[in-house]
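Taking it in order: structure first as structure tokens, then the write-up.
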Amino acid sequence: MKRVLLLLGSVLSFGLFVALIPYSSSQLQSSIASAPQPLAVDPVVLRGLQNQYKGLKKQLAQFTPHQHYILVDTARNHLYVKRSQEIVLDAIASTGSGVVLDKPGEGNTQWVFDTPRGEFTVQSKLTHPAWVKPDWAFIEEGLMVPKNPADRVEQGVLGDYALGFGKGYFIHGTLYTRLLGKNVTHGCIRLNDDDLKSVYQLARVGTPIMIF
3 MKRVLLLLGS VLSFGLFVAL IPYSSSQLQS SIASAPQPLA VDPVVLRGLQ
53 NQYKGLKKQL AQFTPHQHYI LVDTARNHLY VKRSQEIVLD AIASTGSGVV
103 LDKPGEGNTQ WVFDTPRGEF TVQSKLTHPA WVKPDWAFIE EGLMVPKNPA
153 DRVEQGVLGD YALGFGKGYF IHGTLYTRLL GKNVTHGCIR LNDDDLKSVY
203 QLARVGTPIM IF
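The opening residue of the sequence shown carries number 3 in our numbering; numbering runs sequentially from there.
This is the structure:
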């Protein structure tokens, strides 16, 4: 055992001795020469790339709306109001749940509660909106769909404002603020009262909405 320890000590000492031997000048120069060297960039190529970048940046600026526009990130459940590249409002939202509900008596057709993706515009601005409950609102609760249209109207559940962007979808308020930041809606976009008021004041009919 003692011999093994002595042998191990000798090997370690030799390795340390070798590590401490300085490089000769020729070895050092060889080592430096073999090190990766920075690539030389042709000034003409560099100028060409810079000009391309400026051109693309200019094109992007042309496509960016200069008035207020609304961005909705359904993955992060955030709504942004922007002007050019400036973020005017960053609001926590709730968007579509993705839940699927069968339509009774219609074969294999279903409702899918997703927030639609794409480009839209604000088509209407409402104050103190009433919710006209669609068929699915009754069916998912196991209720009969009423024949009297007045029985579909429910007040006070959409907040003080609503901004419609087509096919029955709205940006509106919610009674369930604890669920903001989650994918829980039937496709509409929910905000808290303060953020909803800000969006209503900043947007106008025709304001672009981009949902992704």
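For each residue, glycine too, the CB sits at the ideal point set by N, CA and C. All figures in this text were calculated on a predicted structure; none of them were measured in a lab.
Could you tell me if residue i is buried or exposed, where buried requires 16 or more neighbouring beta carbons within 10 angstroms of its beta carbon?
i: Arg192; result: buried
i: Asp197; result: buried
i: His70; result: buried
i: His68; result: exposed
i: Ser96; result: buried
i: Leu165; result: buried
i: Lys84; result: buried
i: Thr187; result: buried
i: Val47; result: exposed
i: Leu81; result: buried
State the beta-bridge partners of residue i as determined by DSSP.
i: Gly144; result: DSSP output for Gly144 lists no bridge partner at all.
i: Tyr163; result: Thr129
i: Asn185; result: Thr97
i: Lys2; result: Residue 2 lies beyond the residue range present for the chain, which begins at 3 and ends at 214; the question has no answer from this structure.
i: Asp104; result: Gln112
i: Phe214; result: Beta-bridge pairing links Phe214 to no other residue.
i: Gly120; result: Ile213
Measure the CB-CB distance between residue i and residue j and report whether it falls below 8 Å.
i: Glu156; j: Lys135; result: yes
i: Val207; j: Lys127; result: yes
i: Gly100; j: Asn194; result: no
i: Leu204; j: Val124; result: no
i: Tyr178; j: Gly189; result: no
i: Ile213; j: Thr66; result: no
i: Ile94; j: Leu181; result: no
i: Phe167; j: Ile211; result: yes
i: Gly161; j: Gly144; result: no
i: Lys105; j: Tyr163; result: no
I believe residue i touches residue j by the beta-carbon criterion, under 8 Å. Please report the beta-carbon distance rounded to the nearest angstrom.
i: Val159; j: Trp133; result: 5 Å
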